[in-house]
Amino acid sequence: MCGITGWIDWYNDLTRYPSILETMTDTLSPRGPDASGTWISENCALGHRRLSVIDPANGAQPMARKKGEITYTIVYNGEIYNALELRKELERHGHIFTTNCDTEVLLVSYIEWGRSCVERLNGIFAFAVWNSKEQSLFLARDRVGVKPLFYAYSEGRLLFGSEPKSILAHPDFPAQINGEGLAEIFAVGPARTPGHGVYLNMNELKPGHYAVMDRNGFSTRAYWKLESKEHTDDAETTAEKVRELLADTVKRQLISDVPICTLLSGGLDSSALTAIAANHYQETGLGHIHTFSVDYVDNDKHFKASAFQPNSDAPWIKRMTEFLGTVHHYVEFDTPELVESLKAAVYARDLPGMADVDGSLYLFCREIKNYATVAISGEAADEVFGGYPWFHREESLNAHTFPWSLFLKDRVDLLSPELVDWIKPERYVQERYDQALSEVPRLAGENARQNRMREMSYLNITRFMPTLLDRKDRMSMAVGLEVRVPFCDHRLIEYVWNIPWDIKTAGEREKGILRRALKGILPQDVLTRKKSPYPKTHNPNYAAAVKKWVLDILDDSSSLLPQFINADKVRKLAKADGTKFNLPWFGQLMTGPQLFAYLAQVDMWLRTYKVSIK
């Protein structure tokens, strides 16, 4: 993976501003620690930071190629998993390749097929191609948004980058936020509305979209979306198809010229990917695959089972590592490290995020980077197959709001009356929820229950999954680790999207069809293990530390945070031993301690980025 950035300007000669381009590019150096490159012309400037994974000796970017009188120049972040097939097809069209990297395959694909090239790609990507003759820039993002791409357009000028920080590095783009951005932070956050950049005048190119910037202006267009159609396979055939798709996807994503590993929690999803990878390693003579797991000091003493976290991972990790014979690495963190990581996590996201759920992943990835450059992760299986608790609880199904954020009233109660009056958080969330439902591709003939489960799947794939993909990308790339997510393969998502709910829950179990597909690959006890999410700390010292942090902020007259929250109620909550936030207010993991950590991150973000309120 890499980091990309760029600047198109019809009114200025960009060759006069190379230092600005270099500054924008340098902000992305953690994403690409191996090399840096820039390319600049009168109206187009492109920057790239490289993390070498395929063909490290070649593939420098920006990469240019001529066809006739036209020069095409690309910057690209991602991996194309069908690059070999595309290369062979392009060679039949007469194209000659000088490297083994997928960057050249992608560039030549654009030269050959133009904008429609994105429809042929299997992979995770965000890229930009400049056409010297047309004086146009083509931007594209992968179908489900694994790789990020932000932009800021004003008449005659476009800034873009893998992360907001590269755009914020431009001297003419101030860090500002208005009421809508504050609603994203305090009502929707740590999720984001698709396409919303939170910062004023910044957007994110939506998943499955491309954009074009030329002398006529700037426009975006969808090239992929979920389509509802009748599923005609029976349960047995469906399980076999899921198994085949998943196996093919994992094997494609194991291609790398640098060390690769898997993240293993002992749960269904990570165990499945690790088992397929381990078997492939044995079949191809690659030896034993390395696996990594994360936990926290004294978590065994403080862990309390709940409906959202029914059991700890440790015995299940041991079960799988012994079953597969992997080379396993246990990674463990203590409270002081976790509290400190909240700061690094904000800088990685350029926004407040999932608190220690982010920070612990940052620390985890930093440790993994000492061994590997690429990791395989089980992200997105629960969104695609319907594994989360809220898919199976009537109160969530009937809540008429985002099911991972059921306690909005409690959150709003902690906001200042002035902010509530300005951003109207409950109305804002309702409008965003209604907008999401209006997008759902319906299927004629489905009953009310089937229709609701399709809505739930759509909400999770398009609204919740991007939050976790953001988290995975930012925390891993902040330390130069590439994380691949096989459950995000668009072929798998398209197929599973149309599987009827009674088949998805085969055996009356969450993700029942996936469990059936994995028979013979995983041990029976792992196949039937109840879902447990990414581990979080249960140490009371962490809760005490983040509460103290927020209380100190409230006593600091230089902080902007008190104008947005009800300080008296937050102080009261910090000193209480009550149970108001003992259930998750966001996702499965963010309870009371994460609420305080989130507020601390908001304060740090406002200070560090010098955010002004408009």
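The opening residue of the sequence shown carries number 218 in our numbering; numbering runs sequentially from there. No residue lacks a Cβ here, since even glycine has one placed at the ideal position from N, Cα and C.
Item: Neighbourhood of E699 by C-beta, 8 Å cutoff - its chain only, sequence neighbours within 5 removed; Value: M218, L268, V270, E296, T590, V591, A592 and S693
Item: Cα-Cα separation between T449 and L490, rounded to whole angstroms; Value: 27 Å
Item: Pick from A760, E308, T315 and A262 that is closest to N275, judged by C-alpha positions; Value: T315
Item: Selection from A572, G398 and A616 that minimises the alpha carbon distance to R688; Value: A572
Item: Length of the line joining the Cα atoms of T455 and I730; Value: 8 Å
Item: Cβ-based neighbour list, L777, same chain, cut-off 7 Å, excluding 5 preceding and 5 following; Value: L823
Item: Closer than 9 Å to chain E by CB, H265; Value: Among the chains in the structure shown there is no chain E, since it carries only a single protein chain.
Item: contact_flag[the stretch 601-611, the stretch 576-586] where n(CB pairs < 8 Å) is 3 or more; Value: no
Item: Whether R478 touches I341 by CB criterion (9 Å); Value: According to the sequence provided, residue 478 is Cys. The question's Arg does not apply to it. The answer is no: Cβ separation not under 9 Å.
Item: Inside the stretch 380-445 only - alpha helix (DSSP H) runs reaching at least 4 residues; Value: 381-385 and 396-400
Item: Candidates E329, Q647 and I710: closest to I287 by CA position; Value: E329
Item: Proximity below 9 Å, CB of H545 to CB of F602; Value: no
Item: Selection from G373, A343 and S246 that minimises the alpha carbon distance to L231; Value: G373
Item: Residue burial classification, H265 (beta-carbon count within 10 angstroms, cutoff 16); Value: buried
Item: Straight-line Cα distance separating R659 from K837; Value: The requested residue 837 does not occur in the structure, where the chain is confined to residues 218 to 831.
Item: C-beta atoms of A262 and W227 nearer than 9 Å; Value: no
Item: T618 in three-state terms, based on DSSP; Value: coil
Item: Those residues which DSSP pairs with T479 across a bridge; Value: T508 and I593
Item: Same chain, Cβ closer than 8 Å to A404, neighbours up to 5 away in sequence not counted; Value: L625, R628, V629, I640, P642, E643, Y645 and V646
Item: Rounded separation between Y588 and A793 - CA only; Value: 44 Å
Item: Identity of the residues DSSP links to F550 by a beta bridge; Value: Y513
Item: Per-residue DSSP class, three states only, for L356; Value: strand
Item: Distance CB(P835)-CB(P407) smaller than 9 Å; Value: In this structure the chain extends from 218 to 831, so residue 835 is not present and cannot be described.
Item: Paired residues, beta bridge with M807 - DSSP; Value: F803
Item: Where P642 sits in the DSSP three-state scheme; Value: helix
Item: Proximity of L356 and F390 at Cβ, strictly below 9 Å; Value: no
Item: Cβ distance (whole Å) where L245 is taken to contact L462 below 8 Å; Value: 33 Å between Cβ atoms; not a contact.
Item: For E699: DSSP bridge partner residues; Value: V591
Item: Length of the line joining the Cα atoms of E365 and D690; Value: Here residue 365 is Pro; the residue named in the question, Glu, does not match the sequence. Cα to Cα, the separation comes out at about 8 Å.
Item: Secondary structure, beta strand (DSSP E): runs of 3+ residues fully inside the stretch 239-321; Value: 252-257, 261-267, 280-284 and 287-297
Item: N- and C-terminal bounds of the alpha helix (DSSP H) containing T491; Value: L485 to E500
Item: The stretch 528-547 / the stretch 463-472 touching (three or more Cβ pairs under 8 Å); Value: no
Item: Rounded C-alpha distance that separates A439 from Y427; Value: 6 Å
Item: Contact check, T552 vs N799, beta carbons under 9 Å; Value: no
Item: For R374, three-class secondary structure by DSSP; Value: strand
Item: From R680, L631 and S436, residue whose alpha carbon lies closest to that of D651; Value: R680
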